[in-house]
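Report on one structure; see the data block that follows.
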Amino acid sequence: MSGTRHTEAKQPLRFSGIAASRGIAIGPAYRYERQLLYAEDRKLDVSEVGHEIERFDAAVVKARQEIEKVRRVAEQKVGSSASAIFEAQMMMVSDEFILSNIRQSVKHELKPAAFVVDREFSEHQRMFETGDNPLMRERVDDVEDIKQRLLRYLLDRKKWLSKIEVPSILVAETLTPADAILFARSSVLGFAIDGGGITSHVAILARSLGLPALVALHSASQQIEAGDMLILDGERGELIVNPDAETLREYEQEQSLAVGTSSITEAPAFESDFAGARTQDGHAVRVQMNLEFGSEIAIAEAERLSKSAMSGGSQPIGLGLVRTEHFLLLHDDFPTEEEQSTLYRDLADRFHPACVTLRTFDVGGDKVLSGSYHEDNPFLGWRGLRISLDEPDLFLAQLRAILRASARGNVRVMFPMVTTAEELVRALEFLEQARHDLRIKEEPFDQNMPVGIMIEVPSAAIMAESFLPMVDYLSIGSNDLTQYTLAVDRGNDLIAGLYQDLHPAVLRLIQMTADAARRGGKPVSICGELGSNPLATPVLIGMGISEMSVVPTDVHSLATRVTLLRQDECKLLVDHILDNAVSAEEVKRQILHFLVERELIDRFSQTALRTRSGARMMKR
Amino acid sequence: MIRRTVTIRNRAGLHTRPAAAIVKLASKFESEFFIIKDGFRINGKSIIGVMTLAAAQGSELQLELDGDDEEAAANVLVDYFDKGFEEE
Chain A
1 MSGTRHTEAK QPLRFSGIAA SRGIAIGPAY RYERQLLYAE DRKLDVSEVG
51 HEIERFDAAV VKARQEIEKV RRVAEQKVGS SASAIFEAQM MMVSDEFILS
101 NIRQSVKHEL KPAAFVVDRE FSEHQRMFET GDNPLMRERV DDVEDIKQRL
151 LRYLLDRKKW LSKIEVPSIL VAETLTPADA ILFARSSVLG FAIDGGGITS
201 HVAILARSLG LPALVALHSA SQQIEAGDML ILDGERGELI VNPDAETLRE
251 YEQEQSLAVG TSSITEAPAF ESDFAGARTQ DGHAVRVQMN LEFGSEIAIA
301 EAERLSKSAM SGGSQPIGLG LVRTEHFLLL HDDFPTEEEQ STLYRDLADR
351 FHPACVTLRT FDVGGDKVLS GSYHEDNPFL GWRGLRISLD EPDLFLAQLR
401 AILRASARGN VRVMFPMVTT AEELVRALEF LEQARHDLRI KEEPFDQNMP
451 VGIMIEVPSA AIMAESFLPM VDYLSIGSND LTQYTLAVDR GNDLIAGLYQ
501 DLHPAVLRLI QMTADAARRG GKPVSICGEL GSNPLATPVL IGMGISEMSV
551 VPTDVHSLAT RVTLLRQDEC KLLVDHILDN AVSAEEVKRQ ILHFLVEREL
601 IDRFSQTALR TRSGARMMKR
Chain B
1001 MIRRTVTIRN RAGLHTRPAA AIVKLASKFE SEFFIIKDGF RINGKSIIGV
1051 MTLAAAQGSE LQLELDGDDE EAAANVLVDY FDKGFEEE
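Which chain is which? The protein sequence lines are A and B, in order.
Just so we're aligned: 258 in the working numbering is position 258 of the first sequence, and the numbers increase by one with no gaps anywhere.
Just so we're aligned: 1050 in the working numbering is position 50 of the second sequence, and the numbers increase by one with no gaps anywhere.
Now the structure itself:
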C-alpha cells in the first residue's frame, strides 16, 4: 500500500479533462473505488435458515439507516428538492412485498440471502429497463444502489468509505450523486472523475457545492495512487500529479490570490444609480446574474450578492437568466402550476425591485430529461421551445405560473431555442391564452410583462430582425450559439477543444444580433459564459451589448472590467477583429494586444484571478 | 373480487411519485390489490412492483381488488387514476 507515502522521486504527470466546476484545489489524492458485488449460489443447511433471515433483516435496517443519512445530508447541502431522490430509495428498501419474497425464498429454496437479494432486485431492474416509460429506466440505478447496500452487508464487505480523514482530492472512475453529496460532507477539496461531461449530475452538484471538479479525465484514475500530491486546476481543465516544487508554489500563490480577493466586501465597481457599471466614456452596462441551480443555497447566495450591491448604494442586481428547468433536475417530472407559481413568486419577491428573467423550460439536448426517449441527434432534436409548443398543457401551466409571479412588475419571460419566427408567433399565442385564463380567474399579473427570446441558434441570429417587432428584448445564449455555429458538442471530450466561444464566426453572429437590436430600438443582452470571459469583455462592449448576465461570483469582476474600458476604443477593436481575424487564436491575440497597449493587462489579470476565471488566457 | 379498467392520463406516466401514492392508498385497505398490464400481474402494494409496470401515458391497466373493503378501495384508486395522479 502506498498510503500517504509521497516520495520526491515520483515523476510529475499531467492529465487534461474538462473543467466542470471552477477553482483550484491542491492536496493528496483519495482513491475511491466502488466495486459492484455479486452473490454466489449455494445450498443452505436447514439449520442455517433462521440466522440467514436475521442477517437479511439486519441488512435492511442498516440500508435504511444509510439512505436516511444520505437524505438528510442532501437536504442540508443542496436543499430539500435534492433529497427527493433518496426518499424514493427509502420506500424501495422498505417494500414489504419484495422483502417477504426474499425471506420466503431463503426459507423454502434454501438459498443464501445475498444470492436471493441479487436475483430478486436484478429481475426488477430488467423489468424497469424494458418498460415503455423512459423515466423509469433512470430508476435502475436506484435499485442497483439498494441492492449493493444489502449485498455489502450480507457479504461482510467493508463499508464504503464516504468519509475522508485528511483534506483530499477525490479521484474516481465514476461517482454517483449520492457519493458526491456524502463526500462533500467531509473534507473533500475537489473531484477528479474519469467519466462524465460538463452537464453530468456530478458536475452540476459540484458547482452548486462550490467545489472544483474535473471530468472526462479518461483513465487518469488508474495512474494515480492514494496520497499522490495533486493540483486540480478547474480553470484550465488540468490535473497535475506529483508536481515539482516550482509548479506547486505557483499554484499556491494563485490559489491564495483567488481566495484572498474573492470577497464581495471589496469596494464594488457598481454605479450608485443602477446595478451596473459605466465605461470610461460613459456607456452603461447593466450587470445581472444567471441562476444556475434550483437549490436554496444558490438562490440565497445570489440574493446576498444582490443585496450587497444595494447596501453599497447601487440598485440590487437582478437575475438575467433563471434556468427554470433546473428546478426539475431532481424530480421525476414537471411541477404543477401551483408549485411553479409559488417558486417563481418567491424569487420575484426576494429580488424585488430588481428584475427576474424566467426562461421557460429548456429541456432536451444535454439537459435533464434527455433520457425520455431516444433521438439520434438530441441537440438538433426535440428540445427547448419545441417541446413547450408540443405540450400545450405544460406550457400554459408554466406561462400562467410566470404571469402570476409578475404582479409586482419585476418579472420578464424568455423563450429558449427559438429557431423560426413561426415558433415565436405560436409561443406568443400561448402567452395570450395564459393571460386570458388569468383574466377570467381575476388573478393579478403584469399586463406589460416584457417578453424576450434567446438567440442561440444561428438562424435566429441571422434573422434577428424578423423577431424584433414581436419582442421586448433579445438575449444571446453564447454557449449554445457556439455549439451550433461550430457544430461541436462541448460535453464530448473528444472534440471539446473545438469549442471556441471567441471564434470569429460566433462573434459575427453576435454582432449581427446586436446590430439588428440597435436598429429595432430594443435592448440586447448576453447570458452565456462568454460574459465571464475577461477577453470577451472589450468585444461585447464594442458591439454595444448593454446588459450582461454572468454567474453570481463573476458580477464584480465583470463590472470592474467594464469601468476600465472605453467603448469607442472597443468598437474599433471589434471592427478590426471582424475584418481580419479568421481564427479564435487570432481574435485572442488581437484582444491581448489591445489590452497590453492600454496597460490594462495586469488589471484584467487581477479581475480574472479574483474569480479564478480565464486565468489561462491572461497568463500567456 | 372486482376488476376495474383505468387509463394513465398524466404526461409523465406512472413514475415514482404516483407509484408511491398508489401503494400508500392501497395499504389503507385490507383487500388484496393487483395491477394487470399486458397480461403482467403485479402486487399493487409493492412500490417496486408498481414501478416495474413503467406505464406511459395512454396505457390501459386493470385494477383487481379482493377483500371485504374491495368496493371502497376500488373507488379511491380509480379516482386517483382518473385524476391523472393530480398532476395536470
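We put the CB at the ideal spot given by N, CA and C, even for glycine.
At least one CB of chain B lies nearer than 8 Å to the CB of Met127(A). Per the coordinates, the alpha-carbon of Phe445(A) lies some 7 Å from the alpha-carbon of Ala405(A).
Selection Gly384(A), Gly520(A) and Gly276(A) evaluated against Val457(A) yields Gly384(A) as nearest (Cα-Cα).
Contact between Val171(A) and Ser221(A) holds, since their C-beta atoms are separated by about 5 Å, short of 8 Å.
In this structure the region 478 to 490 of chain A lies against the region 503 to 516 of chain A, because at least three pairs of beta carbons, one per stretch, are closer than 8 Å. Taking 8 Å as the cut-off, the beta carbon of Ile1022(B) is found no closer than this to the beta carbon of Gly1058(B). Ranked by how close their Cα comes to the Cα of Leu358(A), the residues Val322(A), Glu391(A) and Arg386(A) have Val322(A) in first place.
Ala1054(B) has a beta carbon lying within less than 8 Å of a beta carbon in chain A.
When secondary structure is reduced to three states using DSSP, Asn448(A) falls in the coil class, being assigned neither helix nor strand. Interface residue (Cβ-Cβ distance to chain B less than 8 Å): Thr336(A) is classified as such.
Separation of Ile453(A) and Leu565(A) (C-alpha to C-alpha, rounded to the nearest whole angstrom) is 29 Å.
Counting only the Cα atoms, Ile591(A) lies some 34 Å from Thr420(A). For chain A, the residues of the region 1030 to 1059 of chain B that bring a beta carbon within less than 8 Å of one of its beta carbons are Asn1043, Lys1045, Ser1046, Ile1047, Ile1048, Gly1049, Met1051, Thr1052, Leu1053, Ala1054, Ala1055, Ala1056 and Ser1059, in chain order. Counting only the Cα atoms, Ala20(A) lies some 40 Å from Lys1024(B). Taking CB atoms only, Thr1016(B) has a neighbour in chain A less than 8 Å away. Looking from the CA of Glu165(A), the closest CA among Tyr30(A), Leu155(A) and Ile299(A) belongs to Tyr30(A). By the CB criterion at 8 Å, Ala192(A) and Ile169(A) fall inside the cutoff.
For Val70(A), the CB contacts under 7 Å within the same chain, skipping 5 residues up- and downstream, are Phe86, Ala178, Ile181 and Leu182 in chain order. When DSSP states are grouped into helix, strand and coil, Pro167(A) belongs to the coil group.
By alpha-carbon distance to Asp156(A), the top candidate from Arg426(A), Glu173(A) and Leu37(A) is Leu37(A). Of the candidates Val539(A), Glu569(A) and Ser532(A), Ser532(A) places its Cα closest to the Cα of His556(A). The contact set of Phe97(A) on chain B, defined by CB atoms closer than 7 Å, consists of Asn1043, Lys1045, Ser1046 and Gly1049 in chain order. Here the alpha carbon of Glu325(A) sits roughly 42 Å from the alpha carbon of Asp1066(B). DSSP, read as helix, strand or coil, puts Pro12(A) in coil.
Here the region 513 to 524 of chain A makes contact with the region 470 to 481 of chain A; the two share three or more CB pairs at distances below 8 Å. In the three-state DSSP reduction, Arg1003(B) falls in the strand class (E or B).
Rounded to whole angstroms, the gap between the alpha carbons of Thr336(A) and Phe1081(B) is 17 Å. Counting along the chain, Glu1060(B) sits inside the beta strand (DSSP E) bounded by residues Glu1060 to Asp1066.
As DSSP reads the structure, Glu238(A) sits in a beta bridge with Ser16(A) and Asp233(A). Look at the region 387 to 400 of chain A: the residues with a C-beta under 9 Å from a C-beta of chain B are Glu391, Asp393, Leu394 and Ala397. One thing to note: Asp228(A) has its Cβ no nearer than 8 Å to the Cβ of Pro12(A). For Met91(A), the chain B residues whose Cβ falls inside 7 Å of its Cβ are Ala1020 and Ile1047, in order along the chain. Using a Cβ-Cβ cut-off of 8 Å, Glu1087(B) counts as an interface residue toward chain A, since at least one Cβ of chain A sits closer than that to its own. Beta bridge pairing from DSSP links Ser549(A) with Gln288(A).
Contact between Val1006(B) and Leu1061(B) holds, with the beta-carbon distance rounding to 5 Å and staying under 8 Å. In the DSSP assignment, Ala584(A) falls within the alpha helix (DSSP H) that extends over Ala584 to Glu597.
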